[in-house]
Amino acid sequence: MAWLGELAPQAPWIKHEREGLTAVALPDAAGFRRVLCASTRAPEVPPLAPDVWRWPEVRSGIARIEQATAEQFVPQMLNYELLGGVDFQKGCYPGQEIVARSQYRGSIKR
1305 MAWLGELAPQ
1315 APWIKHEREG
1325 LTAVALPDAA
1335 GFRRVLCAST
1345 RAPEVPPLAP
1355 DVWRWPEVRS
1365 GIARIEQATA
1375 EQFVPQMLNY
1385 ELLGGVDFQK
1395 GCYPGQEIVA
1405 RSQYRGSIKR
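For the sequence shown, our numbering begins at 1305 and goes up steadily by one.
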């Protein structure tokens, strides 16, 4: 894995494969670059418990939106602006008026 430091993906969600490993850079709200590596062979270790797997996900600052939490948040509440997940300067999208109000006025009507 010596190549990882040099060839790790520089942008989120870009994949590199080399020497039997796959590396994918994950976005991080704090600005740190996280890289997920996986062997292309079946692992010799038991699978991680769900709570162990979720902890790095929580620490990354990336929100998980599921059916139960859909439409409960605006992008600013989830740090999508910091992650590059929303661009306030382009396009139309569902909820744009609410998002724009919270971005430019600092408040939303509830």
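Glycine residues also receive a C-beta, built at the ideal position from the N, C-alpha and C atoms.
Source: prediction; values computed, not measured.
Reference residue i, options the options, closest by Cα
{"i": "residue 1383", "options": "1355, 1348 and 1364", "result": "1364"}
The alpha helix (DSSP H) enclosing residue i, as first and last residue numbers
{"i": "residue 1328", "result": "Counting along the chain, residue 1328 falls outside any alpha helix (DSSP H), though it belongs to the beta strand (DSSP E) covering 1325 to 1330."}
{"i": "residue 1355", "result": "1354 to 1364"}
{"i": "residue 1402", "result": "1400 to 1408"}
{"i": "residue 1385", "result": "1384 to 1387"}
Burial state of residue i, where buried means 16 or more other Cβ atoms lie within 10 Å
{"i": "residue 1362", "result": "exposed"}
{"i": "residue 1305", "result": "Because the pLDDT at residue 1305 is just 44, under 50, the model does not fix this residue reliably, and the value given afterwards should be weighed accordingly. It counts as exposed."}
{"i": "residue 1356", "result": "exposed"}
{"i": "residue 1327", "result": "buried"}
{"i": "residue 1360", "result": "exposed"}
{"i": "residue 1379", "result": "buried"}
Span of the beta strand (DSSP E) around residue i
{"i": "residue 1321", "result": "1319 to 1322"}
Own chain, CB closer than 6 angstroms to residue i, minus 5 neighbours either side, in chain order
{"i": "residue 1392", "result": "1407"}
{"i": "residue 1410", "result": "none"}
Assumed close pair residue i, residue j - CB separation to whole angstroms, cut-off 8 angstroms
{"i": "residue 1329", "j": "residue 1316", "result": "5 angstroms"}
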